[in-house]
Every structure is written in structure tokens, then in C-alpha cells.
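Colleague: Protein chains in written order, with the working numbering: chain A, 1 to 339; chain B, 340 to 678. The structure is given below, and queries will be raised subsequently.
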């Protein structure tokens, strides 16, 4: 990692640096989709500000997670490629790792909670990965992952506390800046759904380098606002993880060890939203962007539409991070919102 | 129009030519979205062929219609811009014309059937257009349009029988070829939802110039298969228009005068699909592409998934042409398909 070998004292030493993001973008060229930045003039008119949506549900495997997984696994040496990869994930990292492994010819074992959305489990299996289910409330996925790695020699690819993953997710930020520049604009704020912080820390690294005046906000579900609390406290705080939410992809109870220092130093703060706002945001994405967004993937859009930051006459980019939602749940939410 | 001033006998004289499509692409640069060509490796694996979806629901106003409307109205002279525009449409052309007019500062009056989807009527009004509703079963929209044009001096922009509209829609074909070339592939077939034939004739002109070996198929709903019948007969045939279908955007009862000669000479044939296949295709677009597609917009995808052409080991591009569907209807279809 370039930033780790940097000897100048002025530059903080994070797990990944801007050059790693540029290198990740090269590796992902022609492999990951350059997702569009969508905008609805009618919605802007209603809101009184310019809202743009980075459409990661359109990404390979239906979420940004493919970027970090492919960036990491494509750097494996021959021995690691043979030994295979093991990962734990509630679903989107699972699919990202399974897809990247399949494309690179690396065997994959994925540890998933048995109550993950059916669509996420089915797709992970369809990519050819071996799926090991565990009980989210009784078992520890990190222990299961470590055991499988120890037994098989497979390489554990953590969902966010991994420099290659952070750099890969950072390419979303790179694209946002490039796409905004093409239309001659600079976003005033970028808002990012946040679980363990892989996406938000990667995007933050890219933005702070290329667009230092842009504010960066994370968005989390109520009861799972560990990043917001940690940012306020200046140190990593945990939540007890007992609150129910529909945002199944944003459930890590604490910020990552590698991701948090980046957010602590460079992000503006953490926003928190309830399930009702999330459902409304999913319906707005349906109506105005024709984009299927899963609950957790809509957290940033929900925070902005719910007025958690002052957007008046500003240009705000919301990352919609994934679209892997079961059709029955989506239909129920949409029906409820349009009733 | 270049093709009309072409004096070589070998070149048929259509209402628009390839150069008009190239000129339209210039006018639309930075104004219309270059929509992505989406692909799902998992779906490909299931199907046994390579399926790509051109995602026009992501286009400004939620359908391809913005392209033709903007291309046409941006060529108005000063007098025409002042006099304004009048258009009739079941909804997507309405929104396209309303949005293009609003962006170009041209007043717009849109004639819409009173039973058009509420979302389409509301959005047309939100763009600042004056909406005149009529009874689809008792009144003639062409007569109402002609009367308003005569009374006000406004210019009638027909939804498909208009050279500027055909050229504008043709930019979808231009982009498909460019996007395929970038990944080094040539599509074996392109399948296009077809109402009056504006999109399909424009795309056909682009494809026949740039990718002459690619087959071109139209897709229509059962009972509204006027283009399929006309292509089989070699001359324009009408349907009686009595059959109910959910494909509200594909209801012209006969091919256009200007569009049909292009399809007759250059398309491979017309496919016909029932509502059940259309609903399944909408659910597939939801699951695999995270894309909201309206019923009519899913007709081509439905025809392909329903096996109406031989796709075995081929590369097939389906245009998903629009995503303006009421949330309650979408929720009902998705709920039904996932039950």
C-alpha cells in the first residue's frame, strides 16, 4: 500500500491511500460497471436542491461490494488463488466475493446468516460458492471464518477491514468526481450508507483528495448508529445490536478498525434514519429514478430526503449502494407507500 | 433530411437517414443520459445465451421518448418556439415533449387519454405542460391535436411519424453499437418494444448502417400486433384495438406511415407476447437488473425470455424502453410473480 510506505509525517497513514484507489480503478476497468449518476429535474424542483444518485444497484451482483472483492482477490498470488477464499457476509459482500472468485477461478466459501434475504443466499450459491449458514444470534461469524481459514488454508477476505476492499469501494468516489466534473459541477455533499465503513471510508479517501470542499456524511439505521456515535465521540463505539431494522445490509455493531480513522479525520458526521424514512426513499427511487434499491442501500437517500442535513440550493450526491431485496418485501413496501 | 436529398437510386429514401441520427446524437450530448447496457452473468448462465438490456427507464423522463422530442423541438425556429408545441400521447411521449419544451423554453399542450397511468399525467403537468384529457374510446386524439394546432398556431409533434423523432430515437441504436464495440462484441439480435415504430425504425436505421449482420425484431402485445402482421404482409395492416393489455404504451393500432417502410425493408420480423410473459419479464428486470420497467417497456425482454426467437449461444440485446408504471400496479405484479 503506497500510503503505508509514505514517509512524510504530514500525511496520515491509513490502511489505503488515493493511489490504491487509482490502481483499483485500473483493475476494475471493463470488469465493474461504471454506474450512472442519475438525476430527476422534477424531483429537484420539488426539493429545492439538486439531488444526484449514484446507482450501485446496477453494479455487477447488485451492489458496490463487487468492486472491493474483485480488487482484493485479483491481487492474490498463485498459492492464494489455489487455496481459495473464505468470507462472512449478510449478503452483498457474499455475492461480490462469490462473483469475483468465480471470474478469477478461485474457490470460495461464504459464511452467511441463515436469516439473510433468500435472494442473497441463492445468488451466492448460483455464483458457485459453497455457502455455510450460521445463526446470527447464537454463533460468531468471525470465529467460523477463522476456523475455516485455519482448516483449509483459504484466505479470509473481510467485508470492510481490508485495505484492498477499502480501495476498491473508493472507486465509487472516483467515479462520482469524474462524472460531476463532466457536467462542470462540484458536489457540496456526498452521503453514503454505512455498515462497517468500507464504502464510506474508500469514498472519503477519494473525495478528500479530489474534491476537498465536499462534505462527507455517513447514514445508518436507528439503533445501529455506531459510526455516528463514534464520529461524535472521536473513538470507536459499539451499539448493542438489539434493535430491529429492515436495513439488513448495515448491521455491523461497530465501525471497522481500519475504516474508522479515515472517517474520524475526514468525514463531516454521521446521520441516522428510521425504517419509515428508508421505505419512503425506496419509493422515491422507484418513482423518480426507476431504480430498485434495497433498504440498507437507501439509507443515504432517506437521510437526505428526511432533511437531516441542510441541502437548500446545494448539490447533493447520495450513493444508493445496493438493490438486492426480495420481491415480496419490495412489493409490500411499495404498496404501503403508494396506498 | 440528408436521405431525402440523396439522389443515388440504390439508397431507399426514408423519412430519416443515418446522418440525421448522428446529428441527433450531437444535439443530445450532455442533455440525454447515455443509458447503460446491463448484463447479468447469473441470468446468462440460466438462459444459455448472453442477454443485454439497454436501460431506457433511466433516461430523462423515464423513457426513450425524451430523445426524439428534444431532437425535434431543439430544431424549431424562433417563430415555432414562440407558437409552442402540441402533442398527443398515452404518456411517455407526453413527458418527453413536456420536458424538452420546458428545457427549451417552448410552451407545450399535451393531449392525453383520461385513463393514462396517473404517474404519466402528473409528471407531464409537473414539467409545466398544459394537459388536455380525452376519452380514448369516444374521441379522436389526432383531430383534437389538429384543432389545437390550427387554433393556436402551435406545431404538432407526432409521437412517431416525424423524421426528427425517428432520428432522435435512433440514437439508442447508435449507443448500443458503440457500447457493444467497447467490449468487443457484435449483437446477433436486437429486440425492440414497438407501438407506432418510432424507436424500432430509428434503431433499425442505426443498426443497418453500423451492424448490418444484426437481426432486428419488434415486440408487441397480443391483440396489438399490427407491426408483426404488417411485416408478414409487406404492407401496413391495422388491428381493431379491442383487446385489453397492460402494455399501455404500445397501443397504436397501425404502424406509422414513415416508420413502416424502414421496418419492412430492414427488420427481420415482429414478435408478439401476452401479458403473463410481460409480467414475468418485469420481475426478471427487477431481480437481475434492479431496473423498474413498465409493462410496454418490457415487451422485448418478454419476447426473448419467452423463447420467441432462437437465442442459443447468441448475444441478444433487448431494449427496455420505459419505466413509468404506477407503484400500486408494479407492487401487484411483483407480488403476484413472487408468490
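Note that beta-carbon positions come from the ideal geometry of N, C-alpha and C, so glycine has one too.
DSSP puts residue 357(A) in a beta bridge; with which residues?
Modeller: Nothing in the structure corresponds to residue 357(A), since chain A is present only between 1 and 339.
Colleague: Would you list the one or two residues that DSSP bridges to residue 659(B)?
Modeller: 394(B)
Colleague: Under a CB-based cut-off of 7 angstroms, is residue 610(B) close to chain A?
Modeller: Residue 610(B) does not count as touching chain A.
Colleague: For residue 448(B), which residues does DSSP report across the bridge?
Modeller: 425(B), 469(B)
Colleague: Is residue 301(A) closer than 7 angstroms to residue 331(A) when the C-beta atoms are compared?
Modeller: no
Colleague: Which term fits residue 119(A), buried or exposed, when burial requires 16 or more other beta carbons within 10 angstroms of its beta carbon?
Modeller: buried
Colleague: Beta-carbon separation of residue 148(A) and residue 106(A) under 7 angstroms?
Modeller: no
Colleague: What do you reckon, are the CB atoms on residue 678(B) and residue 645(B) nearer than 7 angstroms?
Modeller: no
Colleague: Which whole-angstrom value is the C-beta distance of residue 126(A) and residue 381(B), which I expect to be below 8 angstroms?
Modeller: 5 angstroms
Colleague: Of all the CB atoms in chain A, is at least one closer than 7 angstroms to the CB of residue 344(B)?
Modeller: The predicted position of residue 344(B) is uncertain, since its pLDDT is 43 and thus under 50; a value taken from the coordinates is nonetheless stated next. No, no contact with chain A.
Colleague: With DSSP run on the structure shown, which of helix, strand or coil describes residue 575(B)?
Modeller: Look at residue 575(B) here: in three-state DSSP terms it is coil, with no helix or strand label.
Colleague: Here's the rule: buried if 16 or more other CB atoms are within 10 angstroms of the residue's CB, otherwise exposed. What is residue 12(A)?
Modeller: Answer is exposed; the Cβ neighbour count stays below 16.
Colleague: Can you tell me whether DSSP reads residue 389(B) as helix, strand or coil?
Modeller: strand
Colleague: Where does residue 222(A) sit, in a helix, a strand or coil, going by DSSP?
Modeller: coil
Colleague: Going by DSSP, which residues form a beta bridge with residue 378(B)?
Modeller: 391(B)
Colleague: Check the Cβ of residue 375(B) against every Cβ in chain A and list those closer than 7 angstroms, keeping chain order.
Modeller: 33, 36, 58
Colleague: Exposed or buried, which one is residue 232(A) when buried takes at least 16 other CB atoms within 10 Å?
Modeller: exposed
Colleague: Whole angstroms are fine: how far does the CA of residue 596(B) sit from the CA of residue 529(B)?
Modeller: 22 angstroms
Colleague: Please classify residue 339(A): does DSSP put it in a helix, a strand, or coil?
Modeller: In the structure shown, residue 339(A) sits in coil (DSSP, three-state: anything other than H, G, I, E or B).
Colleague: Note down, in chain order, every chain A residue with its Cβ under 7 angstroms from the Cβ of residue 673(B).
Modeller: 327, 330, 331
Colleague: What did DSSP end up calling residue 483(B) once you bin it into helix, strand or coil?
Modeller: Helix, per DSSP.
Colleague: Listed from N- to C-terminal order along the chain, which residues in the region 164–189 of chain A have their beta-carbon within a distance smaller than 9 angstroms of any beta-carbon of chain B?
Modeller: Taking 9 angstroms as the Cβ-Cβ cut-off against chain B, the residues of the region 164–189 of chain A that qualify are 182, 183.
Colleague: Could you list which residues in chain B have their beta carbon closer than 8 angstroms to that of residue 42(A), in chain order?
Modeller: 462, 465, 466
Colleague: When you compare only the Cα positions, how much space is there between residue 473(B) and residue 452(B)?
Modeller: Their Cα atoms are separated by approximately 5 angstroms.
Colleague: Buried or exposed for residue 185(A), please, with buried defined as at least 16 other CB atoms from any protein chain shown within 10 angstroms of its CB.
Modeller: Under this definition residue 185(A) is an exposed residue.
Colleague: Going along the chain, which residues of its own chain have a beta-carbon closer than 7 angstroms to the beta-carbon of residue 94(A), five neighbours each way excluded?
Modeller: 87, 110, 112, 120, 124
Colleague: Which two residues bound the contiguous beta strand (DSSP E) that contains residue 193(A)?
Modeller: Unbroken beta strand (DSSP E) run through residue 193(A): 189–193.
Colleague: Given that a residue counts as buried once 16 or more other Cβ atoms are within 10 Å of its Cβ, and exposed if not, what is residue 10(A)?
Modeller: In this prediction, residue 10(A) scores a pLDDT of 48, lower than 50, which makes its location untrustworthy; the coordinate-derived value is nonetheless stated afterwards. Within a 10 Å sphere around the beta-carbon of residue 10(A) sit fewer than 16 other beta-carbons, which makes this residue exposed.
Colleague: Helix or strand or just coil, what does DSSP make of residue 539(B)?
Modeller: helix
Colleague: Mind pulling the chain B residues with CB within less than 7 angstroms of residue 290(A)?
Modeller: 396, 397, 401, 630, 631, 662
Colleague: Report the three-state DSSP secondary structure of residue 304(A) (helix, strand or coil).
Modeller: helix
Colleague: Could you spell out the range, first to last residue, of the beta strand (DSSP E) harbouring residue 372(B)?
Modeller: First-last for residue 372(B): undefined, no H or E at that position.
Colleague: Less than 7 angstroms between the C-beta atoms of residue 89(A) and residue 322(A), yes or no?
Modeller: Taking 7 angstroms as the Cβ cut-off, residue 89(A) and residue 322(A) do not qualify as a contacting pair.
Colleague: Is there at least one Cβ from chain A nearer than 7 angstroms to residue 357(B)'s Cβ?
Modeller: no
Colleague: Counting contacts by CB-CB distance shorter than 7 angstroms, is residue 677(B) in contact with chain A?
Modeller: yes
Colleague: Would you tell me roughly how many angstroms separate the C-alpha atoms of residue 353(B) and residue 504(B), rounded to the nearest one?
Modeller: 13 angstroms
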